[in-house]
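In the working numbering, the protein residues as written are 1 to 351. A virtual CB, placed ideally from N, CA and C, is assigned to each residue, including glycine.
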Amino acid sequence: MIDEKYVAEHFHLAFDAEPSLGAAQRLRSTLLEAGDTRPRQGRTMPRVHSRSIWRPTRLPALAVAAIMLLLIVNVGLVYFIPVYGSALARAPFVGSVSTPVLKYIGLDPGAINGVDDVAVANGHKLHLIGAYADPLRTLTLIEIDDQPLAVPSKTSHTYDLDATLSDQFGRQYNRVYSPGATEFEPLQPPAATIGARLTLHVTELLPTFRDGSIVSGSWDLHFVITQAPGKALPLPASVIRGDTTYTFTSAQLSGQLLKLRWLVSGGANHRAHARIAAGSFADPASSQVELWPVLVLDSGGQLVQMRTYGYTFPNGRPAEGQWEGVLPGPGRYTIGIGSGDAKVTSTIAVT
């Protein structure tokens, strides 16, 4: 049984009319209809009019906490994984760099990422205007006291930087000498793969001109960059001359910068170790013609601008040679190692 008086007193908000037994009777009829699920021909449900009662919806505390956590996680992802956020949108390079500097670093302006960060200390301003990274190097372009970048020379009034570079994971990268730019070792994973948020910390300005003084201070410059893909070239053919084998192990391009690596095994390596043991290797008169010089010529016979070359001599292993130089463009180049009758040559095609 349904207590009609109880229904009228407790459910009166559901009806347009004031509380009454008539309203209770209508509800009773409705409930009876709902309880009887048997299909009947032409049967209809009585219409019940209701007031719309708005109550403010409260977001559960757990949902609020979840949203806050999501925001915090996203901020963390953007910081530690720059490619996750828009912070890594590549900015065009709008700085002005002279042709000699571009030639020395072996990059076109279009390859350089535009950066704009400034630090001032001890009366000197450092302005980071561009950066570049690939599997061979990480490079920054920094103007000092608003002076245009220049290659060091007898007449230039420039500074080199005593600086360290670190990524968002705390990994540090060593300086590499490069005229006209501040260069570091290539980025390493995970920063090399997910994007690097880098801090360049400068502690000294080292004058490259006569009568200059070292300037100490603390300058911090920040930038975000992704590592551009490198380009591996087909290896030059190995060469065997007499009791010595020259084997090329790596040929890579970074912009127009060509980096070659090779191994020297056999007689020339043994003789080099004997000279080292005798303490005569540093004497120019005893320079080993089987290893020096290392020259690269273009198809017209012109000498390619060299940045650096040299050897290391691990005990019990082949000597390791390395050469870096900036190419004028695509073409076929001749690599010459040694001199006179001991000279060996190989070729490399650059496309």
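How many Å lie between residue i and residue j at the Cα?
i	j	result
S339	L161	37 Å
V344	T249	16 Å
L88	T312	Only weak support exists for where L88 lies, its pLDDT of 43 falling under 50; the value from the coordinates is given anyway. Their backbone Cα atoms lie some 39 Å apart in a straight line.
F223	L198	5 Å
D134	N269	32 Å
G378	G230	Summary: the structure shown does not reach residue 378, with the chain confined to residues 1 through 351, and so no result is reported for it.
V151	D243	42 Å
L221	D298	39 Å
H201	T164	5 Å
F184	Q227	13 Å
A380	P314	Past the edges of the chain, shown from 1 to 351, lies residue 380, and the structure says nothing about it.
G130	S153	22 Å
H273	W292	15 Å
V73	A192	Any reading at V73 needs caution, since the residue's pLDDT is 46, under 50, leaving its predicted position unreliable; the model's value is listed next. The straight-line gap from Cα to Cα measures roughly 21 Å.
Y333	L102	21 Å
G85	V120	Legend: pLDDT at G85 = 49, less than 50; position of this residue unreliable, value from coordinates given subsequently. Spanning the two alpha carbons is a distance of roughly 29 Å.
Q188	D341	42 Å
S178	R210	19 Å
R271	Y246	15 Å
G300	S166	43 Å
N122	V215	8 Å
R275	S238	25 Å
G267	Y309	21 Å
V78	G114	Residue confidence is low: V78 scores 48 on pLDDT, short of 50, so the model does not pin down where it sits. No coordinate-derived value is stated.
D116	M306	31 Å
A155	P100	The amino acid at residue 155 is misidentified as Ala; the sequence shows Thr. Their Cα atoms are separated by approximately 14 Å.
Using DSSP bridges, identify the partner residues of residue i.
i	result
T244	R241, G266
H222	T199
V120	K125
K154	For K154, which the question treats as bridged, DSSP gives no partner whatsoever.
K343	Answer by DSSP bridge pairing: none, since K343 is not bridged.
P207	Y159
S250	R261
Q147	I144
L139	Y132, E183
L348	Just to set this straight, residue 348 is Ile in the shown sequence, not Leu. Bridge partners of I348: Y333.
Starting from residue i, trace the alpha helix (DSSP H) both ways and give me its first and last residue.
i	result
K125	Element bounds for K125: not the alpha helix (DSSP H) but the beta strand (DSSP E), 124 to 134.
I105	99 to 105
T193	191 to 194
Is the beta carbon of residue j closer than 9 Å to that of residue i?
i	j	result
R137	S254	yes
L257	A349	no
T352	P330	This structure cannot settle anything about residue 352, because the visible part of the chain is limited to 1 through 351.
I240	G180	no
L205	Y159	yes
V304	V289	no
S98	L139	no
G336	L295	yes
S218	T203	yes
P186	T347	no
L157	Q147	For clarity, residue 157 is His in the given sequence; the question names Leu instead. A contact, by the Cβ cut-off of 9 Å.
E324	L263	no
I144	L126	yes
T208	L141	no
V118	L107	no
Between which two residues does the beta strand (DSSP E) holding residue i run?
i	result
G355	The structure shown does not extend to residue 355, since the chain is modelled only from 1 to 351, so the question has no answer here.
T365	Outside the modelled stretch of the chain, which goes from 1 to 351, sits residue 365, for which no answer is possible.
V296	294 to 297
I337	331 to 337
Cβ of residue i within 8 Å of any heavy atom in the ligand FAD?
i	result
V294	Ligands displayed in this structure: none; no statement on the ligand FAD is therefore possible.
Complete runs of the beta strand (DSSP E) confined to the stretch 158 to 187 [at least 3 residues]: 159 to 166, 182 to 184
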